[in-house]
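Positions 1 to 649 (UniProt numbering) are the ones given, in order, by the sequence shown.
Here a beta-carbon is modelled for each residue, glycine too, at the ideal position from N, C-alpha and C.
Report on the following structure.
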Amino acid sequence: MFLMKISLHNLRSNKTMTLPYLIASSIFTSFLFILLNLYLDTSIRTMHNSSTLKNILMLGVILLTFLAFVFMIYASSYLTKLRAKELSLYSVLGMNKKQISVLLIDEELIFYLLSIFWGLIFGAIFSRFLFLILQRMVGLSEKIKYIFSTPALGITSVVIGAIYLIIIAISVHRVYGLNIKELSQTQKKSENSGKIPWLFGSISFFTLMAGYVIAVITKNPATSVSRFEVASLLVILGIFGTFMTSDIVILNMLKKNSKIYYNSANFFTIATILHRLKRSSVALATICLLCTATLVTVTTLSCFYVGKNSLIQQWFPRQVMVTSNSKNKSSVLAGLKKAAAKDDIKLTNFSSLDMSQSIYGSLKGNFFNIDDSINAHYQMSLVSLNSFEKSEKKKFHLKPKQVLIFIPDQKYKFNSIKIHDRVYSVKKSIQKLEFAPVNDNSIVPNIYIISGNTADEFNMLKMTPVFKNVSGFDLNGSSSQKDRYIKSVESSTPAVKIASQDTMQKVVNSLFGGLLFIGLILSFVFIFITAFTMYYKQISEGFEDKSDFNVLHKLGMNIKEIRKTINKQVIITAFSPLIFAIINQIFAFPIILKILKLLSLTNDRLFIVTGIVTSVAFLIFYTLICLSTTHNYFVLIEGNIDKSLLGEN
Numbered sequence: 001m002f003l004m005k006i007s008l009h010n011l012r013s014n015k016t017m018t019l020p021y022l023i024a025s026s027i028f029t030s031f032l033f034i035l036l037n038l039y040l041d042t043s044i045r046t047m048h049n050s051s052t053l054k055n056i057l058m059l060g061v062i063l064l065t066f067l068a069f070v071f072m073i074y075a076s077s078y079l080t081k082l083r084a085k086e087l088s089l090y091s092v093l094g095m096n097k098k099q100i101s102v103l104l105i106d107e108e109l110i111f112y113l114l115s116i117f118w119g120l121i122f123g124a125i126f127s128r129f130l131f132l133i134l135q136r137m138v139g140l141s142e143k144i145k146y147i148f149s150t151p152a153l154g155i156t157s158v159v160i161g162a163i164y165l166i167i168i169a170i171s172v173h174r175v176y177g178l179n180i181k182e183l184s185q186t187q188k189k190s191e192n193s194g195k196i197p198w199l200f201g202s203i204s205f206f207t208l209m210a211g212y213v214i215a216v217i218t219k220n221p222a223t224s225v226s227r228f229e230v231a232s233l234l235v236i237l238g239i240f241g242t243f244m245t246s247d248i249v250i251l252n253m254l255k256k257n258s259k260i261y262y263n264s265a266n267f268f269t270i271a272t273i274l275h276r277l278k279r280s281s282v283a284l285a286t287i288c289l290l291c292t293a294t295l296v297t298v299t300t301l302s303c304f305y306v307g308k309n310s311l312i313q314q315w316f317p318r319q320v321m322v323t324s325n326s327k328n329k330s331s332v333l334a335g336l337k338k339a340a341a342k343d344d345i346k347l348t349n350f351s352s353l354d355m356s357q358s359i360y361g362s363l364k365g366n367f368f369n370i371d372d373s374i375n376a377h378y379q380m381s382l383v384s385l386n387s388f389e390k391s392e393k394k395k396f397h398l399k400p401k402q403v404l405i406f407i408p409d410q411k412y413k414f415n416s417i418k419i420h421d422r423v424y425s426v427k428k429s430i431q432k433l434e435f436a437p438v439n440d441n442s443i444v445p446n447i448y449i450i451s452g453n454t455a456d457e458f459n460m461l462k463m464t465p466v467f468k469n470v471s472g473f474d475l476n477g478s479s480s481q482k483d484r485y486i487k488s489v490e491s492s493t494p495a496v497k498i499a500s501q502d503t504m505q506k507v508v509n510s511l512f513g514g515l516l517f518i519g520l521i522l523s524f525v526f527i528f529i530t531a532f533t534m535y536y537k538q539i540s541e542g543f544e545d546k547s548d549f550n551v552l553h554k555l556g557m558n559i560k561e562i563r564k565t566i567n568k569q570v571i572i573t574a575f576s577p578l579i580f581a582i583i584n585q586i587f588a589f590p591i592i593l594k595i596l597k598l599l600s601l602t603n604d605r606l607f608i609v610t611g612i613v614t615s616v617a618f619l620i621f622y623t624l625i626c627l628s629t630t631h632n633y634f635v636l637i638e639g640n641i642d643k644s645l646l647g648e649n
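What follows is the structure in structure tokens.
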């Protein structure tokens, strides 16, 4: 009981350090409960394609649990480091390691109970609000009502409790593994106080550059995801190494320049920043990666969500798309019209194209290499000139070995195209088609070659000609009539592939809306982890720097000069991670654009505008965080200086 009273007293007296930790734990608890509550909500199961949304929510639960685990252990170790002298004092006063361990266990239990209490209260309050946001994002029916899930309370308590048990085990192990002298000196140890070898710095820099190069030179959308993973890993490793070396190298070079270093305006700034970077390089690299994750996540998912309607229009140039064997197209069309008459619905705006199976290859200049299917950049389809003219309601006169070519969102710049060992004259590069169905596999961009004799072209390619008919039409009727008609033709024509715009709209809303919802929650978590990392970094530096600035004050530096020096430090050290994060995002743009093309999102301008807006908004948030955390640093520094001198100019 006595140790419990000491624990309560410690938490109150150290609220500058313990309160942010409690807030962070409560926020993780709140969001974990909210996601679990949505995942376990039985009403969501009634929506179309509910499995997609539930899988996304479970992914969010897993990622949030991982982030909570990593951050809370990091914050707990930082807290222990800041309180090292206090814990060593208990040992001097007669407490043994077992009693100190019990003291730490009591404190963590108090943290756990308070975070569960406040986290679940705020989670219960905001879960209904976030349910309404999710309902709007994914297009849930208003008939689906919010349900409070009791099991989510228990699961959240168990998961957060497991994290605290691991924290307790680490804290106890740390106490038993250190002697009194080591414990008292823990706070003085820097994160990176050793001498950094040039070799390590060079390797880190080239690793970072390798990640950038991979992101920029990747051309094939089909391989962009795997290369993005490799590039991300290289950038992560390179960022940590670069922050641990490059800034220190640059400052040491400035230090050797007597004209710059011994200038009164730069002397204290360079010396103190160099000291800061040696201590905080890992924290700065972590902040940089968190900023990068936030920018990339919000930009990409916002682009997905904003561009989803244009994506649907690209996939579905008509409300209903029907794919069948070209030989059976007449009977299929007759069956579709018969079903429409039965359901009292009209088929309008009908279009049809006879197309070949996809032929994969790479396009380099005017040469389409079908032997390079492994690194395929495109999928080519031969289109019948007769069906093309009917679809476009235009006449084209093609000579032998003459073709029309259409590449969505691109202009073919050559007068000829070589396929296999035959060269074709390109009569016209078409910029826009009235009816341009996307092939089943939209991962690879399409090339449409319109020819007067497609069967002959297949013989030239030494392939068996396999043709399909892709038809599209709109429906004129009520929503219930349209739904009934789609279900009717799907069940009556199993050999025919039928897809509707409305059905795909629901799927895309569920997928992209769910991803954006989880992305926004994770981005908020990234932002507040960034804020708390910066806060603890500033607090720890404040405790370590206050004696140094007190000495400088006694040597004649007034409060105004101290503030000026600190402001320079903050601008350089706090904003360097953000600058690197924006650079990371810029280099990530090309490869992310390729990934977007996997889903037929080809609007580069939308992605760039979204990225700029996200960066500006994040810059504002980041600046506010810096101002807030720097204020606490000022309080610690000035609190150690003679109060009678704080009014100096």
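Assignment of Met95 by DSSP, reduced to helix, strand and coil, places it in the coil class.
Contact check for Tyr622 and Pro20: beta-carbon distance about 18 Å, past the 8 Å limit, so the pair fails to qualify. A buried status is given to Pro445, since no fewer than 16 other beta-carbon atoms sit within 10 Å of its beta-carbon. Around the beta carbon of Val235, 16 or more other beta carbons lie within 10 angstroms, which makes this residue buried.
Residue state for Thr245 is assigned as helix, using DSSP reduced to three classes. Nearest to Thr573 by alpha-carbon distance, out of Leu363, Gly514, Thr493 and Phe243, is Phe243.
Distance from the CA of Ile586 to the CA of Ser226, rounded to the nearest whole angstrom, comes to 19 Å. Counting along the chain, the unbroken alpha helix (DSSP H) around Thr156 starts and ends at Thr150 to Gly177.
A Cβ-Cβ contact shorter than 7 Å links Gly452 with Leu398. Selection Ile620, Phe31, Ser358 and Leu624 evaluated against Ile121 yields Phe31 as nearest (Cα-Cα). Between Lys537 and Ala293, the C-beta gap is not smaller than 7 Å, which leaves the two residues out of contact.
An exposed status is given to Val613, since fewer than 16 other beta-carbon atoms sit within 10 Å of its beta-carbon. Distances from the CA of Ser149 to each of Ser480, Glu108, Ser101 and Asn37 were compared; the closest alpha carbon is that of Asn37. Within 10 angstroms of the beta-carbon of Leu289 lie 16 or more other beta-carbons, which makes it buried. If you check the CB distance, Ile370 and Val403 do not come in under 7 Å. Between Ser391 and Phe435, the gap from beta carbon to beta carbon is short of 7 Å. In terms of Cβ geometry, Phe131 and Tyr146 form a close pair [threshold 7 Å]. For the pair of segments examined, the segment 66-74 was found not to touch the segment 88-99: the number of CB pairs separated by less than 8 Å stays below three. Considered as a whole, the segment 10-80 harbours 15-39 as its complete alpha helix (DSSP H) runs of no fewer than 4 residues, in chain order.
Per the DSSP secondary-structure output, Asn469 pairs in a beta bridge with Ser324 and Asp354.
With 16 or more other Cβ atoms inside 10 Å of its own Cβ, Leu311 counts as buried. If the five residues before and after Gly139 are omitted, its C-beta is found closer than 6 Å to the C-beta atoms of Asn509, all from its own chain and listed in chain order. For Lys393, there is no enclosing alpha helix (DSSP H), as DSSP marks it with neither H nor E. For Lys418, the enclosing beta strand (DSSP E) starts and ends at Ser416 to Ile419.
In the three-state scheme derived from DSSP, where H, G and I count as helix and E and B as strand, Asn446 is classed as strand. Less than 7 Å separates the beta-carbon of Gly472 from that of Met321. Inclusion of Ser224 and Ile591 in the CB contact set at 7 Å is warranted, their separation being smaller than that value.
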